[in-house]
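**Q** Take a look at the following structure, please.
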Amino acid sequence: MNTGRGTGPGGHRARMRRRIRTAGAHSLADYELLEVLLFAAVPRRDTKPQAKALVAGFGSLEAVLDASPAALRAAGLGPRGVAVLGCPAQVARRLAHPDLRGQVIFADMAAVLAYCDRLPAHDPDGWRLFHLDSVRHVLADEAVGTAPPADMCRAVLSRALELHAVSLVAVRDMGQQRPPDGGSAADLRFARMLHTHARLLGLVMHDCVVRGGGTCVSMRAMLPE
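With our numbering applied, the sequence shown corresponds to residues 561 to 785, in that order.
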């Protein structure tokens, strides 16, 4: 009697996993690799149609994995899928630059800016937050996209507590655009809010820096004592 255990999404997933074990992940087509990644985001549905549609829509597996969260959402991917597909590209970047994390010490802001020079470009309207331990080792560097200052502060400080960070540095890189003297009103509002709330949690806010067009604006002197 056929129990149906070999059919449906569950049976297909078992066959895919068995194929990886026996033939290796390199035996999978691009859409199949994407399909397997989506297993974690879509627990009880066939992910093959969505994987094929994503590869066709973006043009390649590489383009899908390098797509922004907004682009993935526009392509019909849900929050869990966006989170899952955001990981492989980050893993690849960290493998390509294993010495950029964990062993770096930010002795001063010159070291911070030199570190930033070695990183890929990111959203010029967003911030990069560096979470540091007690001897200023980099625990994590993470991009924070544009959002109301209160929301950004909440996300940054929640992450700092998760990492058991001791201090923070924030940098916004505007590329070729020159930042206004003293920083914009929005930048200064974010810097002051982050500094004030970090101090309430026992965290040190070393500096908020905006740079671009060959200039660098530190807001440290404008932060409350």
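For each residue, glycine too, the CB sits at the ideal point set by N, CA and C.
So A601 packs on V664, CB below 8 Å; how close in whole Å?
**A** 32 Å between Cβ atoms; not a contact.
**Q** Shortest alpha-carbon distance to A649 belongs to which of L621, A758, H572 and R640?
**A** With distances taken between Cα atoms, A649 lies closest to L621.
**Q** Report yes if the CB atom of L763 is closer than 8 Å to the CB atom of S718, and no otherwise.
**A** Against a cut-off of 8 Å, the Cβ pair of S718 and L763 comes out as no contact.
**Q** In three-state terms, what does DSSP make of F750?
**A** F750 falls in the helix class under three-state DSSP.
**Q** Where DSSP assigns a beta bridge to M765, which residues make up the other side?
**A** Looking at the DSSP assignment, M765 forms a beta bridge with L728.
**Q** Please identify the residue among G617, L637 and F666 whose C-alpha is closest to the C-alpha of H766.
**A** Among G617, L637 and F666, the Cα nearest to that of H766 is on F666.
**Q** Should the segment 723 to 741 be called in touch with the segment 683 to 699, which here means at least 3 C-beta pairs below 8 Å?
**A** Judged by Cβ distances under 8 Å, the segment 723 to 741 makes contact with the segment 683 to 699, as three or more pairs qualify.
**Q** At 3 residues or longer, and completely inside the segment 609 to 637: list those beta strand (DSSP E) runs for me, N to C.
**A** Within the segment 609 to 637, no complete beta strand (DSSP E) run reaches 3 residues.
**Q** Who are C776's beta bridge partners in DSSP?
**A** For C776, which the question treats as bridged, DSSP gives the partners R771.
**Q** Where do the ends of the alpha helix (DSSP H) carrying F666 lie?
**A** First-last for F666: undefined, no H or E at that position.
**Q** With burial defined as no fewer than 16 other Cβ atoms inside 10 Å of the residue's Cβ, what is the status of V716: buried or exposed?
**A** The residue is buried, with at least 16 neighbouring Cβ atoms inside 10 Å.
**Q** Please report the distance separating the alpha-carbon of E722 from that of L699.
**A** One C-alpha to the other measures close to 11 Å.
**Q** Whose C-alpha, out of P709, G735 and A781, is nearest the C-alpha of L754?
**A** That would be P709, whose Cα lies nearest to the Cα of L754.
**Q** Using the Cα positions of V642 and R633, report the straight-line distance between them to the nearest angstrom.
**A** Between V642 and R633, the C-alpha separation is close to 7 Å.
**Q** What residue range is occupied by the uninterrupted alpha helix (DSSP H) comprising L598?
**A** That run of the alpha helix (DSSP H) goes D590 to F599.
**Q** To the nearest angstrom, report how far apart P629 and V651 are at their CA atoms.
**A** Their Cα atoms are separated by approximately 16 Å.
**Q** For the beta strand (DSSP E) holding L699, just list the boundary residues, first then last.
**A** Looking at the DSSP string, the run of the beta strand (DSSP E) that includes L699 is V698 to V704.
**Q** Taking 7 Å as the cut-off, is the beta-carbon of V777 closer than that to any non-hydrogen atom of the ligand FAD?
**A** Because no ligand of any kind appears in the structure shown, any question about the ligand FAD cannot be addressed here.
**Q** Put D733 into one of helix, strand or coil per three-state DSSP.
**A** Strand, per DSSP.
**Q** Run through DSSP, which three-state label would L679 get?
**A** L679 falls in the coil class under three-state DSSP.
**Q** Please classify R577: is it buried, with 16 or more other beta-carbons within 10 angstroms of its beta-carbon, or exposed?
**A** R577 should be labelled exposed.
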